[in-house]
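Read the structure below first, then the notes.
Protein chains in written order, with the working numbering: chain Y, 1 to 267; chain P, 268 to 534.
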C-alpha cells in the first residue's frame, strides 16, 4: 500500500479538448494541501471497457486513494460505475440508501416547483445503481451521490464531473478521510523569481542547492523564452511542523540566492 | 495498431496542482481537429521509473501516436528521455544532429548579446542526449529539440513543456505526420443549448436521438444545477466529407429539438 493518491478523469469532452480539465487541477491541489502525495492522473473516455482498464491498472499500483471524477449522471454515457464494477468483477445494483438520497432530491425539486411532475424515471434510478459493496456519499448540491468502495486497502471514490458537486462531496466526505491518512503532514511551498539568467545556466546551481537542502524539492519553470529569460524557481517540502517547513524553505531560498550571486560575479 | 493517439504529460507541478494542464487540452484539441482520435491522457511526475512505466504501458496499447510533453530541458529534473530510454531498453547518448541544433541556438543568443560568454556546458549538452535511434525535431522558439522515435509501428514524440515551444514543434513536425495518418478524416462538432429541462429528463431523449443518428455522438453537459438547469448538448461526428458531416449534425440537432418539443407537450 502506498501512502499516495491517484486521480482518474472520465469524459470524451476532455479527450477532444472541448473542456479544460480544471477538476484534476483542483483535486491535485486540495489533496496535496491535505498532505498526501498525488502520483498519477489518468484521463479516459466514456467507455465501460476503457474505464474498467484504467481502474484495474490503478488498483494494481495500490495507492491509498483513487479519486474518479465524471460519468455519474443520469445519461446513457455516464458509465463510470459500470466500468468500476467491471474492474472489480462485481455487479451493479440499486442501493437503497442511494435511492433514498436521489428520491429525496427530486421530491425537494418537486416541492420547490422546479419540476411539474414527480417521477422516479429509469434515468433517475440509474444514479442509485452502485457496484455491490459500495456506500453512497451525500451530494449537497446535486442529485448523483458520490460513491465510496474499499478495495484491498484502497479507497476507491467516485465523484460527479460537475465541479460544484465534485467539490462539495470532496469537502464533505473525502477530505476528512485523507486528513486521517495524512496525519499532521502538510505541504509547504514558496516561489522565487529570477531574471537575466538562462535556465541552462541555472541548472547546475539548482542541483547544488538540492544537494545542500535534501528535504526541499526545487524546480525551475521558465516563463519567458531562453535569452530574455524570466524563471520561477519553485521550492516545496512536506513536514509535520509548519515552522520546520518554513525554516527549510528559507534556508534553501538563501542557498539559491547566494549561488546566483556567485555565478553572476564569475560570469 | 490503433489509429489513435495518447498523450503523456510529465511534471510534478501538474501533480501538486500548481500548474493547470493547458498543454493536454491544446494537444487534444489539435489532434482531434486533425482527424485522429485521442484515447487516453496520462500525467506522471519527474521520476525516471514513473515515466518509464507510463511509456511502457502506453506502448502496450499500441496507439499510432504517443505525444509526451515536459521534461526535455537542461535541468536535473528534466528526465523524460531517460524514462523513455528505460522503457525501450535503450541507452541515451549525445546525438550529433541534436547537438548542432542546441549549439546553433546558443551561438545565436551569444551573437545577439543575450549571453556574455558562449559555453556548451553539461546542462546544455544534456538537451542533445537522446535515446538511441531517435531523431531530433527542430525547436523554432527555444533550445531543447523535440524527439521522434519509431517503435513497433508507433510514433513516440517528446515535446518540451513550455507551451510556445510545444506548439511550435507540434505545428512544424508533428501535425504533418498526423495529417498523413488521418487522411481526409475530419472532426466536426456543434452545440445546442437548452433551458428548463433537467438532465435526467433529457437522458432518454438523447438515447433516442443517438439511435436515430448512429454516426453522431451526443453528450449533455449540465451547466447550471439540476432544477434551474441549463444544459449544453454537444454533437460530434468524424467524416471525410464536411458537407456529409454538416448534414448529419443538422439532422441530429433536428431530432433533439423535436423530441424536446414532444416531451414538453407531454409533461
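C-beta atoms are modelled at their ideal positions from N, C-alpha and C, and glycine is treated no differently.
At 7 Å on the CB atoms, spell out the chain P contacts of residue i, in chain order.
i, result
"residue 77 of chain Y", "486"
"residue 262 of chain Y", "By Cβ distance, chain P contributes nothing, its closest Cβ being about 15 Å from residue 262 of chain Y, past 7 Å."
"residue 162 of chain Y", "489"
At the level of alpha carbons, what is the spacing between residue i and residue j?
i, j, result
"residue 378 of chain P", "residue 385 of chain P", "9 Å"
"residue 494 of chain P", "residue 531 of chain P", "Because the pLDDT of residue 494 of chain P is 49, which lies under 50, any placement of that residue in the model is unreliable, and the number read from its coordinates should be weighed accordingly. Roughly 15 Å separates the two Cα atoms."
"residue 244 of chain Y", "residue 238 of chain Y", "10 Å"
"residue 455 of chain P", "residue 520 of chain P", "13 Å"
"residue 334 of chain P", "residue 351 of chain P", "12 Å"
"residue 306 of chain P", "residue 446 of chain P", "17 Å"
"residue 388 of chain P", "residue 231 of chain Y", "19 Å"
"residue 463 of chain P", "residue 164 of chain Y", "19 Å"
"residue 240 of chain Y", "residue 174 of chain Y", "21 Å"
"residue 490 of chain P", "residue 161 of chain Y", "11 Å"
"residue 515 of chain P", "residue 480 of chain P", "8 Å"
"residue 296 of chain P", "residue 185 of chain Y", "38 Å"
"residue 394 of chain P", "residue 341 of chain P", "6 Å"
"residue 194 of chain Y", "residue 203 of chain Y", "13 Å"
"residue 208 of chain Y", "residue 298 of chain P", "40 Å"
"residue 116 of chain Y", "residue 168 of chain Y", "27 Å"
"residue 413 of chain P", "residue 437 of chain P", "9 Å"
"residue 70 of chain Y", "residue 78 of chain Y", "8 Å"
"residue 220 of chain Y", "residue 211 of chain Y", "15 Å"
"residue 113 of chain Y", "residue 309 of chain P", "44 Å"
"residue 172 of chain Y", "residue 142 of chain Y", "13 Å"
"residue 19 of chain Y", "residue 501 of chain P", "11 Å"
"residue 458 of chain P", "residue 473 of chain P", "13 Å"
"residue 397 of chain P", "residue 273 of chain P", "21 Å"
Following the continuous alpha helix (DSSP H) through residue i, name the residue where it begins and the one where it ends.
i, result
"residue 300 of chain P", "289-300"
"residue 109 of chain Y", "96-111"
"residue 392 of chain P", "389-393"
"residue 349 of chain P", "347-355"
"residue 438 of chain P", "From DSSP, residue 438 of chain P is part of no alpha helix (DSSP H); its letter is neither H nor E."
"residue 358 of chain P", "Careful: residue 358 of chain P lies outside any alpha helix (DSSP H) and carries neither H nor E."
"residue 266 of chain Y", "242-266"
Quick one: what does DSSP say residue i is sitting in, helix, strand or coil?
i, result
"residue 75 of chain Y", "coil"
"residue 481 of chain P", "coil"
"residue 286 of chain P", "coil"
"residue 408 of chain P", "coil"
"residue 386 of chain P", "coil"
"residue 37 of chain Y", "strand"
"residue 399 of chain P", "coil"
"residue 271 of chain P", "strand"
"residue 44 of chain Y", "strand"
"residue 486 of chain P", "strand"
"residue 226 of chain Y", "Bear in mind that the predicted position of residue 226 of chain Y carries a pLDDT of just 49, short of 50, making it too unreliable to give a figure here."
"residue 202 of chain Y", "helix"
Taking the beta strand (DSSP E) that residue i belongs to, which residues open and close that run?
i, result
"residue 414 of chain P", "413-418"
"residue 191 of chain Y", "186-195"
"residue 154 of chain Y", "154-159"
"residue 505 of chain P", "497-506"
"residue 331 of chain P", "330-336"
For a test of your reading of the model: does the CB of residue i fall under 6 Å from any non-hydrogen atom of the ligand ATP? Yes or no.
i, result
"residue 231 of chain Y", "Of ligands this structure carries none, so the ligand ATP is not represented either."
Listing by chain order, which chain Y residues have their CB less than 7 Å from the CB of residue i?
i, result
"residue 434 of chain P", "Those within 7 Å of residue 434 of chain P in chain Y number zero; the least Cβ separation is about 13 Å."
"residue 299 of chain P", "16, 17"
"residue 474 of chain P", "76"
Run down chain P in chain order and give the residues with a C-beta less than 9 Å from the C-beta of residue i.
i, result
"residue 73 of chain Y", "466, 467, 470, 487, 489"
"residue 39 of chain Y", "282, 311, 312, 317"
Can you pull the chain P residues whose beta carbon is under 8 Å from the beta carbon of residue i, in chain order?
i, result
"residue 267 of chain Y", "383, 384"
For residue i, return the contacting residues in chain Y, with the cut-off set at a CB-CB distance below 9 Å.
i, result
"residue 503 of chain P", "12, 16, 18"
Point to revise | Near-chain Y residues of the stretch 439-467 of chain P - C-beta to any C-beta below 8 Å | key: For the stretch 439-467 of chain P, the set of positions with a beta-carbon nearer than 8 Å to some beta-carbon of chain Y reads 454, 456, 465, 466, 467 in chain order.
Check your understanding: Name the residues in the stretch 284-295 of chain P whose C-beta lies less than 9 Å from a C-beta of chain Y; which are they?
Key -> 284, 285, 286, 287, 288, 289, 291, 292, 293, 294, 295
Review point. For the stretch 118-137 of chain Y, which residues have a CB atom closer than 7 Å to at least one CB atom of chain P, in sequence order?
Key: For the stretch 118-137 of chain Y, residues whose beta-carbon sits nearer than 7 Å to a beta-carbon of chain P comprise 121, 123, 124.
Practice item. Could you name the residues of the stretch 347-378 of chain P whose beta carbon sits closer than 7 Å to any beta carbon of chain Y, in the order they occur along the chain? Key: 376
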